[in-house]
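Report on one structure; see the data block that follows.
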Amino acid sequence: MVTLPLGDGRLMPQLGLGLWRTTDAEAAGLVRTAIDAGYRLVDTAAAYGNERGVGEGVRSAEAGSAVFVTTKLWNDDQGYDRTLRAFDESLRRLGLPVVDLYLIHWPAPARGLYVASWRALVRLKAEGRARSIGVSNFAPQHLRRIIGETGESPVVNQVELHPWYQQRALRAVNAHLGVRTQSWSPLGQGRLLSDPIICRIATRHGRTPAQVIIRWHLEHGLIVIPKSANPDRIRENIGVLDFRLAPDDLVAIAGLDRADGRIGPDPVTLSL
Ligand code: A2P
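According to this note's numbering, the sequence shown holds residues 30 to 301 in order.
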């Protein structure tokens with residue numbers, strides 16, 4: 030599995046399994062399938078309600094100890110003390126002594142607690158219980174604020190990102206701040222798979238539309254976590270390490286970016 034160096038010196042697999050909208054009951058089997066297929070990164074969250082299944086899948090696999098596990102702090106648990114407690118609960122559900130990466134799931138700016146939550150993550154990292162720490166859905170002003178107030182940079186900012194919503198400006202800010210960009214809903218929640226330009230490129234390479242899109246993320250240096258609850262598609266999605274998109278493919282996909290391409294909520298106004 031190809032890895033990327035993070036700002037804290039650790040390595041992170043660049044392609045992993047996303048587990049949003051996967052039930053706790055199915056998660057263990059899917060994680061196991063993914064690890065057997067060569068995945069070394071799984072991405073869950075307290076809010077997904079499947080940390081127990083994800084942990085079970087990781088622990089049951091022979092290669093489980095080599096798997097990079099990410100989970101996330103839910104908005105209701107923001108604040109310094111609550112974050113520390115929520116982290117303990119996540120570890121307990123996962124059945125793991127540490128996680129590789131702990132993220133603040135949303136800045137939830139209306140709550141005014143993301144800086145206090147970030148301070149708790151800094152402590153968890155110092156204690157070695159979260160090997161790396163990062164954020165999700167942070168806009169540039171949120172990133173600058175936590176870095177300015179604590180001196181500690183997140184290693185990752187995980188945001189909605191796919192060919193219809195390419196986030197060029199945010200990617201540039203992340204890069205400038207030494208923060209890796211990670212793509213959630215990398216396939217546009219499956220909607221991009223019937224895009225005619227993606228399909229045309231896929232046909233030319235003898236690949237599937239999903240493989241073309243995942244390849245696009247990898248070639249842009251993005252960390253990508255396609256979700257699938259189907260074993261065959263989980264295997265299909267990792268079958269991308271033996272081809273490259275051509276320069277004119279990249280130009281064609283660059284042209285798919287749309288002003289109205291965002292599918293999920295706007296993190297700046299989301300008041301969950
Ligand atoms: P399924 O779970 O039934 O495989 P995203 O990661 O952008 O959120 O996209 C996830 C969606 O894309 C899910 O609906 C998933 O369905 C679908 N999907 C994931 N991989 C593939 C694939 N290789 N081919 C077709 N659909 C896929």
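Beta carbons are placed, not taken as given, at the ideal position from N, Cα and C, and that holds for glycine.
Asked	Found
If we count the other Cβ atoms within 10 Å of its Cβ and call it buried at 16 or more, is Pro31 buried or exposed?	Note on identity: in this sequence residue 31 is Val, with Pro being the wrong assignment. Result: exposed.
Can you find the residues in the same chain that come closer than 7 angstroms, C-beta to C-beta, to Glu189, ignoring five residues on each side of it along the sequence?	Trp213, Ser214, Arg291, Ile292 and Gly293
Just how far apart, CA to CA, sit Thr62 and Leu247?	22 angstroms
So the candidates are Asp117, Gly82 and Ser161; which of them puts its Cα closest to the Cα of Tyr131?	Ser161
Residues in the same chain with beta-carbon distance under 8 angstroms from Pro138, minus the five sequence neighbours each way, listed in chain order, please.	His171 and Val297
Please tell me whether Ala56 and Gly93 are closer than 8 angstroms, where the distance is taken between their beta carbons.	no
In the segment 213-287, which residue ranges form an unbroken alpha helix (DSSP H) of at least 4 residues, counting only runs that do not cross its ends?	225-234, 238-248, 260-267 and 276-283
CB of Leu222 to nearest heavy atom of the ligand A2P: below 7 angstroms?	yes
For His134, does the three-state DSSP call read helix, strand or coil?	coil
With DSSP as the reference, identify every bridge partner of Tyr194, one or two as the case may be.	His191
According to DSSP, is Gly350 part of a helix, a strand, or is it coil?	The question about residue 350 has no answer, for the chain in this structure spans 30 to 301.
Does at least one heavy atom of the ligand A2P sit under 7 angstroms from the Cβ of Lys101?	no
How far does the beta strand (DSSP E) with Val98 in it reach, from first residue to last?	Phe97 to Leu102
Taking one C-beta from the segment 228-238 and one from the segment 68-85 each time, how about it: are there three or more such pairs within less than 8 angstroms?	no
Would you call Asp278 buried or exposed, if buried means 16 or more other Cβ atoms sit within 10 Å of its Cβ?	buried
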